[in-house]
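Counting in UniProt numbering, the sequence shown runs from 1 upward without gaps.
All remarks here apply to the structure that follows.
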Amino acid sequence: MGYFSCNVDSAIATCGTYELLTKKTRKAAGQRPVEITEFDFSELHAATDGFSPDNLLGKGSHGSVYKARFHRRNRVAAVKRTKPNDASGTAAENEVGILSTIHHPRLVNLIGFGCEPEHHGHKLLVVEYMPGGSLYDLLHSPERKPPGWVDRARFAVQVARAICFLHGSDPPIIHRDIKSSNVLIDARSGCRVGDFGLALRAGPNRARPAGTLGYLDPGYVDPGGVSTKSDVFSFGVLMFELITGRCPIDVGHSPPSVVEWAVPAVRSGDFVSICDPRVGPPEGGGGALRRMAVLAARCVRPEAGRRPEMEEAVECLRGVYEGMRRRATSCGGMRRRVGSRAGRYEQLDESIELVMGRSKRKGKVSNAASAGEASGSKSTDGGGEIKSPPTDSVIREQIKWRVGSSVKTATVRLRKSRSMPNVINVLNLVVLWNFSQELKFD
Numbered sequence: 001m002g003y004f005s006c007n008v009d010s011a012i013a014t015c016g017t018y019e020l021l022t023k024k025t026r027k028a029a030g031q032r033p034v035e036i037t038e039f040d041f042s043e044l045h046a047a048t049d050g051f052s053p054d055n056l057l058g059k060g061s062h063g064s065v066y067k068a069r070f071h072r073r074n075r076v077a078a079v080k081r082t083k084p085n086d087a088s089g090t091a092a093e094n095e096v097g098i099l100s101t102i103h104h105p106r107l108v109n110l111i112g113f114g115c116e117p118e119h120h121g122h123k124l125l126v127v128e129y130m131p132g133g134s135l136y137d138l139l140h141s142p143e144r145k146p147p148g149w150v151d152r153a154r155f156a157v158q159v160a161r162a163i164c165f166l167h168g169s170d171p172p173i174i175h176r177d178i179k180s181s182n183v184l185i186d187a188r189s190g191c192r193v194g195d196f197g198l199a200l201r202a203g204p205n206r207a208r209p210a211g212t213l214g215y216l217d218p219g220y221v222d223p224g225g226v227s228t229k230s231d232v233f234s235f236g237v238l239m240f241e242l243i244t245g246r247c248p249i250d251v252g253h254s255p256p257s258v259v260e261w262a263v264p265a266v267r268s269g270d271f272v273s274i275c276d277p278r279v280g281p282p283e284g285g286g287g288a289l290r291r292m293a294v295l296a297a298r299c300v301r302p303e304a305g306r307r308p309e310m311e312e313a314v315e316c317l318r319g320v321y322e323g324m325r326r327r328a329t330s331c332g333g334m335r336r337r338v339g340s341r342a343g344r345y346e347q348l349d350e351s352i353e354l355v356m357g358r359s360k361r362k363g364k365v366s367n368a369a370s371a372g373e374a375s376g377s378k379s380t381d382g383g384g385e386i387k388s389p390p391t392d393s394v395i396r397e398q399i400k401w402r403v404g405s406s407v408k409t410a411t412v413r414l415r416k417s418r419s420m421p422n423v424i425n426v427l428n429l430v431v432l433w434n435f436s437q438e439l440k441f442d
């Protein structure tokens, strides 16, 4: 799969004129009011100690970010100081134009702005302070402990929610630069999507293709090719980054592209081989790992029209996270309860066909592990007593799934046996058919 690269500094998004909300509020449906404050430059200068290097949080292609302490306002924020050139000024104005109209708990929201008189009034952006650094640093810095699987699933669903919110705006907002270094960690260890310098609203536009090598949609080669599905592709790359622990482009590996390396493994069902070796595969969470990997592979499909919508990604990942969290809690107690109630999962719409003896049943299954949990829930009352012993002579499956964003449940009926190995055999068959049938996503 080839990639199209471009110079981010020379490929700046443009959008229509906008109305600044200076000390006024704009309220969108389902959101709290957005208040944008215009700061005096002297206040920003004092809050950053004259843009002291001691307050420098990081540098990007368009400028530097400083920690700011507004003592009079009793608030800590981050000030983004753009470089003194026309491109950066346009990016800053574009970012203010986008962020002044939206607010979401999974975004790095705009607090206000100021103007730098020495550089022809270039804007200084004041945004929420994120003390945890970036997701890129968390995943790749040798000085930080790599996150576990529960956190990785949580990060994925939080980023998905942010993108879903942007795409659900009217008109939709296309971020165009989804990547781990633009995902920041807040004080509650939650992920926020930031840096809207390249963002634009969907519709007719002549903005030049822009993005970051490795995350950039290979189909986005002309101004008319940008769509929300370009963000979906970038999100798929980010998911592979979470799963594998690899950078999107790493010349130390062959192939250097994480997408070109991981997708063939997903097609063959070899999910363990692409897990981050620092943490290994999730314990007992093979089904969750499979769902994450298959979703990532679907997001990076070459044909934009075959990629999923972000609503579907949110529902899938929410189920993955909830399942991993419950499993981690159960394992942490070093206890297993026979017949514990089945977990509730939001599943991808993936089909398998089960053939057992002369009986054929068709159903929709996305997670063999959840089917196993459901089989236990039927025979107990929560106290661990098995009421209906399974059988080995006649096995009947009745797998029913409600498709879409609703919750799916599975029932496995076993008769004429007092041994449990047949339960394992049934579940193993489900897993094998998942690998052979569901992975045909192209």
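Backbone N, C-alpha and C fix where the C-beta goes; we use that ideal spot for every residue, glycine too.
**Message:** Tell me whether the stretch 226-243 and the stretch 184-193 touch, counting them as touching only if at least three CB pairs, one residue from each stretch, are closer than 8 Å.
**Reply:** no
**Prompt:** Is A162 helix, strand or coil when you go by DSSP?
**Reply:** helix
**Message:** Please state the DSSP three-state secondary structure of C316.
**Reply:** helix
**Item:** 6 Å Cβ shell around F240 - same chain, five flanking residues per side excluded
**Value:** V258, A262, A296
**Request:** Output the boundary residues of the beta strand (DSSP E) element that contains V226.
**Result:** Where V226 is concerned, there is no enclosing beta strand (DSSP E), given that its DSSP letter is neither H nor E.
**Prompt:** Would you say V65 and K80 are within 7 Å of each other, going by their C-beta atoms?
**Reply:** yes
**Request:** Could you pull out every residue in the same chain whose Cβ sits closer than 6 Å to the Cβ of P256, ignoring the five residues on either side in sequence?
**Result:** I249, D250
**Prompt:** How long is the line joining the alpha carbons of R318 and P117, rounded to whole angstroms?
**Reply:** One C-alpha to the other measures close to 47 Å.
**Message:** Please classify G50 as buried or exposed, where buried requires at least 16 other C-beta atoms within 10 Å of its C-beta.
**Reply:** exposed
**Message:** In the DSSP output, which residue or residues are listed as bridge partners for I249?
**Reply:** S257
**Message:** Just to confirm, is the Cβ distance from A78 to P131 under 7 Å?
**Reply:** no
**Message:** So, does the stretch 174-188 touch the stretch 210-223, judging by three or more C-beta pairs under 8 Å?
**Reply:** yes
**Prompt:** From C247, A47, D40, pick the residue whose C-alpha is nearest to that of L213; which is it?
**Reply:** C247
**Prompt:** Would you say P282 and R298 are within 7 Å of each other, going by their C-beta atoms?
**Reply:** No; because the gap between Cβ atoms is not below 7 Å, this pair is not in contact.
**Message:** My parser needs the beta strand (DSSP E) runs of 3 or more residues fully inside the stretch 112-147; what are they?
**Reply:** 122-128
**Prompt:** Taking just the CA atoms, how far does D170 sit from V157?
**Reply:** 22 Å
**Prompt:** For the candidate residues R69, S230, L166, whose alpha-carbon lies nearest to that of E303?
**Reply:** S230
**Burial state of P142 (16 or more Cβ within 10 Å)** = exposed
**Request:** Quick one: using the 10 Å Cβ neighbour count with 16 as the cut-off for buried, is D40 buried or exposed?
**Result:** Of the residues assessed, D40 falls on the exposed side of the cut-off, its CB having fewer than 16 other CB atoms within 10 angstroms.
**Request:** Following the continuous beta strand (DSSP E) through R192, name the residue where it begins and the one where it ends.
**Result:** 191-193
**Request:** On a CA-only basis, which of G97, Y129, P105 is nearest G58? Give me that one, please.
**Result:** If you compare the alpha carbons of G97, Y129, P105 with that of G58, the shortest gap goes to Y129.
**Message:** If you follow the alpha helix (DSSP H) that G286 is in, where does it begin and where does it stop?
**Reply:** DSSP places G286 inside the alpha helix (DSSP H), whose first and last residues are 286-299.
**Request:** Using three-state DSSP, classify residue 469 as helix, strand or coil.
**Result:** Here the chain covers residues 1 to 442 and nothing more, so residue 469 does not appear.
**Message:** With the cut-off set at 7 Å, would you say F196 and L124 are in Cβ contact?
**Reply:** no
**Prompt:** Which value, in whole angstroms, describes the spacing of the CA atoms of G148 and S42?
**Reply:** Roughly 44 Å between the two C-alpha positions.
**Item:** Cα-Cα separation, T244 to Y321
**Value:** 17 Å
**Request:** With S64 as the anchor, note down where its beta strand (DSSP E) starts and where it stops.
**Result:** 63-70
**Asked** Could you give the distance in angstroms between the alpha-carbon of T329 and the alpha-carbon of P204?
**Response** 49 Å
**Given T48 as reference, the closest of V279, N109, R75 once Cα atoms are compared** = Nearest option by C-alpha distance: R75.
**Asked** Leaving out the 5 sequence neighbours to the left and right, which residues in its chain are closer than 8 Å to V314 when beta-carbon positions are compared?
**Response** Cβ neighbours of V314 beyond the five flanking positions: V157, A160, R161, C164.
**Message:** Helix, strand or coil, according to DSSP, for L57 in the structure here?
**Reply:** In the three-state reduction of the DSSP assignment, L57 falls in the strand class.
**Prompt:** Grouping DSSP H, G and I as helix and E and B as strand, with all else coil, what is I395?
**Reply:** With a pLDDT of 36 at I395, under the threshold of 50, the modelled position of that residue is not reliable, and no figure is offered here.
**Request:** Give me the Cα-Cα distance between V279 and A202, rounded to the nearest whole angstrom.
**Result:** 39 Å
**Asked** Measuring CB to CB, does S127 end up less than 7 Å from L139?
**Response** Residue 127 is actually Val in this sequence, not Ser. No; because the gap between Cβ atoms is not below 7 Å, this pair is not in contact.
**Asked** D276: buried (16+ other C-beta within 10 angstroms of its C-beta) or exposed?
**Response** D276 comes out buried.
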